[in-house]
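Structure record follows, encoded as C-alpha cells.
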Amino acid sequence: MTALLEVRGISVSFDGFRAINNLSFEIGECELRAIIGPNGAGKTTFMDIVTGKTRPNEGQVLWGEGSKSLLKMNESQIARAGIGRKFQRPTVFEDQTVSENLTMALSAARGPFSVLRWRPSADSVARVAELAEEVGLADQLARKAGELSHGQKQWLEIGMLLAQDPRLLLVDEPAAGMTLAEREQTTTLLRRLSERHAVVVVEHDMDFVRRLDCKVTVLHEGSVLAEGSLDHVTANPEVIEVYLGRG
Amino acid sequence: MRKPLVLRHPSILVFLGVLAVFTVAVTVLSAGYGTGAISTSMVKTLGKTLCLALAAVAMDLVWGYAGILSLGQMAFFALGGYMIGMWLMVARTEGIVTGTLANLPIPPTDAEISAAVATQIFGVVGSDKFPLIWAFSGSLWGQLALVVLVPGLLALVFGWLAFRSRVNGVYLSILTQAMTLALALYLFQNDSGLRGNNGLSGLQNIPGLDAVGQEKLSVWFLWASALALGLGYLLIAWVASGKFGSVTRAIRDDEARVRFLGYSVESYKLVVFVLAAVVTAIAGALYYPQAGIINPAELAPIASIYLAVWVAIGGRGRLYGAAIGAVFVSLLSSWFTGGRAPDLNLGFYIVKWVDWWQVMLGLSFVLVTLFAPKGLSGLVDLFEGLRPPRRRGAALGPDMGALREKEAVE
Chain U
54 MTALLEVRGI SVSFDGFRAI NNLSFEIGEC ELRAIIGPNG AGKTTFMDIV TGKTRPNEGQ
114 VLWGEGSKSL LKMNESQIAR AGIGRKFQRP TVFEDQTVSE NLTMALSAAR GPFSVLRWRP
174 SADSVARVAE LAEEVGLADQ LARKAGELSH GQKQWLEIGM LLAQDPRLLL VDEPAAGMTL
234 AEREQTTTLL RRLSERHAVV VVEHDMDFVR RLDCKVTVLH EGSVLAEGSL DHVTANPEVI
294 EVYLGRG
Chain S
11 MRKPLVLRHP SILVFLGVLA VFTVAVTVLS AGYGTGAIST SMVKTLGKTL CLALAAVAMD
71 LVWGYAGILS LGQMAFFALG GYMIGMWLMV ARTEGIVTGT LANLPIPPTD AEISAAVATQ
131 IFGVVGSDKF PLIWAFSGSL WGQLALVVLV PGLLALVFGW LAFRSRVNGV YLSILTQAMT
191 LALALYLFQN DSGLRGNNGL SGLQNIPGLD AVGQEKLSVW FLWASALALG LGYLLIAWVA
251 SGKFGSVTRA IRDDEARVRF LGYSVESYKL VVFVLAAVVT AIAGALYYPQ AGIINPAELA
311 PIASIYLAVW VAIGGRGRLY GAAIGAVFVS LLSSWFTGGR APDLNLGFYI VKWVDWWQVM
371 LGLSFVLVTL FAPKGLSGLV DLFEGLRPPR RRGAALGPDM GALREKEAVE
C-alpha cells in the first residue's frame, strides 16, 4: 500500500517548548486511523501542520502519488488538494442555513469570479439533499445552522467535509459533548466514511476508539509512542504508564 | 428554474420602487420641471444625499457583509470627485479663455490657449504649467475612465498588501484611516498638482450646458444620482446574494474555517474591497459636480468615520439599512447644522443645535450600538412581526419550550 500522506521527522517548537518532536506518520488510501494521547501530546498541532496552519521547524509532509510537499502551500491550497479538517468544537456558519453551509462546501471552482457566476443546478441541489440525508439532517435544510443542537452541528460539519469530497479527512474529537446515541451514530458515520476516504480521528475517549475498531497511533510528548490495534497498544507498558495509568 | 434576483429578495423591488417614486416626486416639485416647491439648492442636497447613500451601500458590502471595517472609504469617494473635477475645470476654463482670446487681432494657437488655461487654473498655487497627472484632463472619456481606475487601483494595491499580510480587525481599520489621512495631507500640498488646499471649484458649471441653467441641471444630476444608486444597489445586492455572498458572510464570521474549505480568503476580500471602492468613486464623481467644490478636507479621516456611523445607525448587513441610515442621518445633520433648526431654550441654558448636533449624533451612535444593533432597519422587522419574544430567559411554553428566545423568531 502506498501512503496517501507521509509525515517525515517533523519538529515544531513554540517559544522553546517542543510541541512535536521528530514525528513520523503514514496513512494509506481509504484507511481509518485513530490518534490518541494525553493532553499536550501534540495531536492538534499535528493537524495544524498537515492543514498548513502551523509551519514545522524541520521535517517533511508529503502528499499523494507525486509525493508533493504540503509545506509550500497555504491553508486553502491544501484544502483544495484534498485534505479536509473538522475542528474540535463544531465550526459551522451559524448565521446561514444548513443548505447554504453545505453548498459552500460542495466541491466546485473556488475562485471569486467563478463563485460569482455560480448558479445552483439540479445536480447541486440533489447533492446537497443527498449529503444532508447522509448525515441525518435531511429535514433541517432550511434551518439556520445556529439553531441546530450540538450534535447536529457536528454532523453538519462532517457533511460539509463530505461535500468537499476530500481524499483525507482529519477529524478532531468528533464525539466530544455528544450523548451516547449521538456517539453511536457518529461511529457509524465515520466507519462509512472510511470506505471511500482516508480518515484520521483524534480522540480522547477510549470507548469511542474501541468502537471505531481500527489501527491506533499513540502520541506522547510530540512523538509516536506506539502503533497497532487498540488491544496491542493498550498492552504496551509505556502506554499504560503515560496514558492509561493516569485515567 | 430559479426566480430572478428581485423576486428572491423582494426588498430590492421595494427599494427601487421607493427610489423611483422619490425621484419623480422631487422632479414634479422642482423649480426646473415642476411647481418649484423644492428650491434648486434643496434638489442639489437631495441629489448629493443619493450619492452618499450609494457610498453607504458600498460600505455595507465591505463592512456588513465581508466584515472589513474600512474607515477610508471617503478617500475613494473624493478621488472619484477629483478625477471628474479635473475635466470640468479644464473644459470650462478653456471655454472662457478661448472666448477672451478670440478678440485678439491674431487668432491664438493651441499652445497659447493651453498655457492660458494652465495659468488660469494653477495661478493660485504659483504655477503656470499642467502637472503630469493632468495629462488626460482635456478628454471627458479619459477622466471618466480615471474615475474608476485610480480609486480601483489604489484599493487593489492597498488591499493586496493589507489582506496578504492578514491584517485584521482594528489594525486594518487604523490602516485605512492612515491611508485616507496620508492622501489628504499629500493633496494639501501646493505641488501635489491638484491645487493644494484650494481644491477644484466651479464644478457645478457643466461645460457646454451653460444655457440649461442650474434649475434643470440640478434635476438632471438628481436623475443621474438616482440611476447610479439604483444600479449600484442592484449590483451589490446581486454580489451579496447567492454563493459569493454566502462565502463573504462566512469570511466575516469565521475566516480561518473558510480557508479550510479551500477558499482563498484574501482574493475574496480584495474583490469586495475593490468593487466597493469603484462604486464609491462613481458616487463621488456624481456628488462633487452638485457640491460645486472639492478640496482635500473631504478626505479627512472623520468623513469616513461618519460613513461608518450612518451604516451602523441604518443597520449594517442589510443594504437598504445602509441607504436609510445615510439619507436619514445626513439630511438630519444638514438641517441641524444649517442653522435652521430652532434653538431649544431650557431656561438655564440655550441649546444651539449647530454646536450640539455632534453630541447628539455621537450619543445616538452609542445608543444604537448598545440597544438596537440592527439599527433603523430593525424597525422593518417590527412591521413584519419578526420580533423575538421577550421572556427574559423563561421557557417559551409547551409548544415552543425547546427553543431559545432568539430561535423562536423563525
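Sequences listed follow chains U and S, in order. So the number in this note's numbering is just where the residue sits in the first sequence, counting from 1, plus 53. So the number in this note's numbering is just where the residue sits in the second sequence, counting from 1, plus 10. Heads up, the beta-carbon is just placed ideally off N, CA and C, and yes, glycines get one too.
* Residue range of the unbroken beta strand (DSSP E) whose run includes Asn75(U) -> Phe70 to Gly81
* Does DSSP put Leu156(S) in a helix, a strand or coil? -> helix
* Grab me the residues of Leu39(S)'s own chain with a C-beta within less than 7 Å of its C-beta, minus the 5 sequence neighbours each way, in chain order. => Thr45, Ala47 and Ile48
* To do: Would you check if there are 3 or more beta carbon pairs closer than 8 Å linking the stretch 158 to 165 of chain S to the stretch 57 to 68 of chain S?
  => no
* Given a cut-off of 8 Å, decide if Ala310(S) and Leu193(S) are closer than it, judged by their beta-carbon atoms. => no
* Which residue or residues does DSSP assign as beta-bridge partners of Val361(S)? -> Leu354(S)
* To do: With a cut-off of 8 Å on the beta carbons, I'd call Asp70(S) and Leu329(S) a contact; round off their distance for me.
  => 6 Å
* With DSSP as the reference, please indicate the residues paired to Gln113(U) in a beta bridge. => Arg61(U)
* Counting contacts by CB-CB distance shorter than 8 Å, is Gly411(S) in contact with chain U? -> Residue confidence is low: Gly411(S) scores 45 on pLDDT, short of 50, so the model does not pin down where it sits. No coordinate-derived value is stated.
* Identify whether Ala56(U) lies in helix, strand or coil by the three-state DSSP scheme. => strand
* **Residues of the stretch 167 to 184 of chain U whose Cβ lies closer than 8 Å to any Cβ of chain S, in chain order** => Val168, Leu169, Trp171, Arg172, Pro173 and Ala175
* Take the Cβ of Glu248(U) as the centre, count every other Cβ of all protein chains shown within 10 Å, and call the residue buried at 16 or more, exposed below. => exposed
* Asked: In whole angstroms, what is the alpha-carbon distance linking Gly93(U) and Leu392(S)?
  -> 50 Å
* Return the CA-CA distance between Ala295(S) and Glu226(U), expressed in angstroms with no decimal places. => 55 Å
* To do: Per DSSP, which residues does Leu85(U) bridge with? Please list them.
  => Val252(U)
* Rounded straight-line distance, which links the Cα of Ala234(S) to that of Val361(S) -> 39 Å
* Quick one: what does DSSP say Glu420(S) is sitting in, helix, strand or coil? -> Confidence at Glu420(S) is low in this model, with a pLDDT of 42, below 50, so its placement is unreliable and the value that follows should be read with caution. Here Glu420(S) sits in coil by DSSP.
* the ligand FAD heavy atoms versus the CB of Gln368(S): any closer than 7 Å? -> With respect to the ligand FAD, the structure shown offers nothing to examine, as it has no ligands at all.
* Starting from Asp225(U), follow its DSSP beta bridges and name the residues at the other end. => Val255(U)
* Using the beta-carbon count (16 or more within 10 Å), is Ser282(U) buried or exposed? -> exposed
* Buried versus exposed call for Leu142(S) [16 or more other C-beta atoms within 10 Å across all chains shown] -> exposed
* Note down, in chain order, every chain S residue with its Cβ under 9 Å from the Cβ of Met157(U). => Lys253, Ser256, Val257, Ala260, Val268, Leu271 and Tyr273
* Asked: Going straight from the alpha carbon of Leu242(U) to that of Leu184(U), what length do you get?
  -> 12 Å
* What residue does the beta strand (DSSP E) around Ile136(U) start on, and which one ends it? -> Ile136 to Lys139
* Pull out every residue of the stretch 123 to 138 of chain U whose Cβ sits closer than 7 Å to any Cβ of chain S, in chain order. => Glu128, Ser129, Ala132, Arg133 and Arg138
* To do: Give the straight-line distance between the Cα atoms of Pro117(S) and Leu15(S), rounded to the nearest whole angstrom.
  => 59 Å
* Asked: Looking at Ser66(U) and Asn15(U), is the spacing between their C-beta atoms short of 8 Å?
  -> This structure gives no information on residue 15(U), because the portion of chain U shown stretches from 54 to 300.
* To do: Identify the continuous beta strand (DSSP E) that holds Gly281(U) and give its terminal residues.
  => Ser276 to Gly281
* Which whole-angstrom value is the C-beta distance of Ala318(S) and Trp73(S), which I expect to be below 8 Å? -> 7 Å
* To do: Taking C-beta pairs closer than 8 Å, name the residues in chain S that Gln149(U) reaches, listed in chain order.
  => Ser256, Arg259 and Ala260
* Asked: Can you tell which of Glu294(U), Gln141(U) and Val188(U) has its C-alpha closest to the C-alpha of Glu237(U)?
  -> Val188(U)
* Delimiting residues of the beta strand (DSSP E) encompassing Val271(U) -> Lys268 to His273
* To do: Write down every uninterrupted run of the alpha helix (DSSP H) in the stretch 57 to 94 of chain S whose length is 4 residues or greater and which is fully enclosed by it, in chain order.
  => none
* To do: Over the uninterrupted alpha helix (DSSP H) stretch that includes Val188(U), give me the two end residues.
  => It is not in any alpha helix (DSSP H) - Val188(U) carries neither H nor E in the DSSP assignment.
* Asked: Residues of chain S with CB under 7 Å from Arg61(U), in chain order?
  -> Here the premise fails: no neighbours, minimum Cβ distance about 23 Å.
* Just to confirm, are Trp116(U) and Leu209(U) a CB contact at a threshold of 8 Å? -> no
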